[in-house]
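Residue numbers (this note's numbering), protein chains in the order written: chain A, 4 to 351; chain B, 4 to 351.
Note sheet for the following structure.
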């Protein structure tokens, strides 16, 4: 199931808030609708957020009827700002927006720019799809036959387009006939693990067992887990990784028990402008995502709650980062710039 | 609110599965009803399970109309076995049952034994209440003014009788006018933190913020937490601690960040018969406690799930164990037997 499909005059997305109960597709025709869908996490996952935002700008450009190029670009810039305000942590969003604005500045009349923006969004989409294919193949080398892999949140096709990052690696290992099993953490508060990872892996016929986030340490400590494998929302220049809240705990538990902790993410997730994870903004979402589950209260009336959506895992806990351009290891401060300076080897 | 009240011909319990939405008391008149209430976690928390089981045996004894003492004791033994099958991890259950069976063997006719069983159950209840008072006072010395304390699951008055263990310490620190704040983990799957700890601390006027279990590491790593404080279901002779699933992860995260990790539990929770935590049986509960929340599905139809209810925290992660007879530190293998050999100093 494709998380985002370009229709020529809009995009169709899978409403990820309604899975696994309903498979509902939404048609989004305006930049505003795309921004709302990102903010409400109907479309989610760092790479897919970038793809959706790119199409959002292409759709926004189509709606602009400006008298001159200057005001066209001013209108487009306002739309880009609206998209940039939807979610602060995943860098793919900002990179996609920057790339679209660069494409808009490429010259020609409004009609030419509008066409080039659609082409640029389609290029971003195609590159992200290709990156997941490359990540899946490279990462599968890390998965030994007979492994049990623990994953957190959802870094599958829904989150990334194409094959998925962390789940792409797992699915590829299965296709290589490796006997693997997966422990999927439910990933409170929004249960992307229970809802989406379980759904994707069960459809692939991969043996997967759901656990609460609190159980990860128990199974790792018992020796039931061979590696941990997650996606990423932003990776700093030193290899610090922002990912779904709970990732840091999983990384600490893995290292404490001598279990490798792998991150799988496209190079578009790397933010060289940040020297370390300290500078990554952590999205704070509504407390009622914690106090309500499917609309039902789980706490006393008026209970205060905190809801940071991400945490930062220091690079020293990260055994390897699987990118579309190779598997990176410490010292990330050297290996990350090196891989980014190389030409892409994904080959589409 | 008292979790268990002896009525003379039954007990009244607070149905902890219905808090915080409804404050419902249940009247239990038979040993079978008590066993079912423990199994279904309507009455829960290691010390309170022991108290309820003791009353369950006293109630069971009342119902026995055996022709002679031998068959009376045989009937009573069957009831004890039924109670012992309800939950395997909390040792207080087995200690209370053993103590009641010893009391039954004390001589006299059936009427005398029935009366002495009621007296023994009331003694267990009173001792557990007194123990929590002592734990609260001793433990409060560990809480510095201005502290933020993270706790997991529920070790308050509902779980322990009296003042609570971990929450008793927190409540006592507040009564000593220390400025404290609490982070309460929701404690999936059954949400005792969100439902019960939040309810108890909000009633006490203690500033408390609900977080998901997955957020604990993030807040500890940010430096927002001064200590972790939890209860226990069974403590082995070497200081290994079985407690609600997720406790091990919290302990690892605390130590990784130089934050003290404290356990508060009555000496009745210590099991000297086990040299280490390896021997502690871990209760495996129904998978649908993970896949359903308040009866609503959170995962795809047929999703496999695991549900270990407890984990074991190795003693090396435990900074101190606050018991009713003193604060214990490493080497627990020496300090635990020493405190158990001393006469109780709780003084009621």
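Every residue, glycine too, gets a C-beta built ideally from N, C-alpha and C.
- If you compare the alpha carbons of B/254, B/75, B/246, B/207 with that of residue 223 of chain B, the shortest gap goes to B/254.
- Considering only beta carbons, the part of the region 217 to 228 of chain B lying closer than 8 Å to chain A consists of 217, 218, 219, 220, 221, 222, 224, in chain order.
- Put simply, the backbone Cα of residue 50 of chain A is about 14 Å away from that of residue 170 of chain A.
- Around the Cβ of residue 19 of chain B, a 10 Å sphere holds 16 or more other Cβ atoms; the residue is buried.
- Residue 268 of chain B and residue 147 of chain B have their C-alpha atoms some 20 Å from each other.
- Between the alpha carbons of residue 316 of chain B and residue 319 of chain A lies a distance of about 24 Å.
- DSSP, reduced to helix, strand and coil, places residue 330 of chain B within a strand of the structure shown.
- Annotation for residue 15 of chain B: the continuous beta strand (DSSP E) segment containing it runs 14 to 17.
- Distance check between residue 63 of chain B and each of B/98, B/88, B/103, B/90 places B/103 closest, using alpha-carbon atoms only.
- Residue burial annotation: residue 205 of chain B is buried, with at least 16 other C-beta atoms found within 10 angstroms of its C-beta.
- Residue state for residue 281 of chain A is assigned as helix, using DSSP reduced to three classes.
- The alpha helix (DSSP H) runs lying completely inside the region 50 to 130 of chain B and spanning 4 residues or more are 72 to 87, 94 to 107, given in chain order.
- Neighbourhood of residue 296 of chain A in chain B, by CB distance below 8 Å: 296, 297, 299, 301, in chain order.
- In the DSSP assignment, residue 246 of chain B falls within the beta strand (DSSP E) that extends over 244 to 247.
- Residue pairing by DSSP places residue 267 of chain B opposite B/325 in a beta bridge.
- Residue 20 of chain A is outside the set of residues whose beta carbon lies under 9 Å from a beta carbon in chain B.
- Ranked by Cα distance from residue 301 of chain B, the first of B/314, B/236, B/218, B/191 is B/191.
- Not a single C-beta of chain B is nearer than 9 Å to the C-beta of residue 174 of chain A.
- Across the region 231 to 259 of chain B, CB contacts with chain A closer than 7 Å involve 248, 249, 251, 252, 255, 256, 259, in sequence order along the chain.
- In this structure, DSSP gives residue 195 of chain A a helical state, which the three-state scheme calls helix.
- Proximity of residue 189 of chain A to chain B, defined by a Cβ-Cβ separation below 9 Å, is satisfied.
- Taking a beta-carbon distance threshold of 9 Å, residue 214 of chain B counts as an interface residue toward chain A.
- Within chain A, no C-beta atom comes less than 7 Å from the C-beta of residue 266 of chain B; the nearest is roughly 16 Å away.
- Under the DSSP assignment, residue 9 of chain A falls outside any alpha helix (DSSP H), being part of the beta strand (DSSP E) whose first and last residues are 7 to 9.
- Pairing residue 83 of chain B with residue 100 of chain B gives a Cβ-Cβ distance under 9 Å.
- For residue 31 of chain B, the uninterrupted beta strand (DSSP E) run begins and ends at 28 to 31, by DSSP.
- Interface residue (Cβ-Cβ distance to chain B less than 9 Å): residue 27 of chain A is not classified as such.
- Counting along the chain, the unbroken alpha helix (DSSP H) around residue 250 of chain A starts and ends at 250 to 259.
- By the CB criterion at 9 Å, residue 211 of chain B and residue 231 of chain B fall outside the cutoff.
- In this structure, the alpha-carbon of residue 263 of chain A lies about 19 Å from that of residue 157 of chain A.
- Here the alpha carbon of residue 36 of chain B sits roughly 44 Å from the alpha carbon of residue 229 of chain A.
- Under DSSP, residue 300 of chain B shares a beta bridge with B/295.
- For residue 38 of chain A, the closest C-alpha among the options A/93, A/25, A/52, A/65 is that of A/52.
- The region 327 to 343 of chain A and the region 240 to 255 of chain A touch, with no fewer than 3 CB-CB distances between them shorter than 8 Å.
- Sequence-ordered contacts of the region 57 to 90 of chain B with chain A are nonexistent [C-beta pairs closer than 9 Å].
- Residues of the region 321 to 337 of chain B that bring their beta carbon within less than 9 Å of a beta carbon in chain A are absent altogether.
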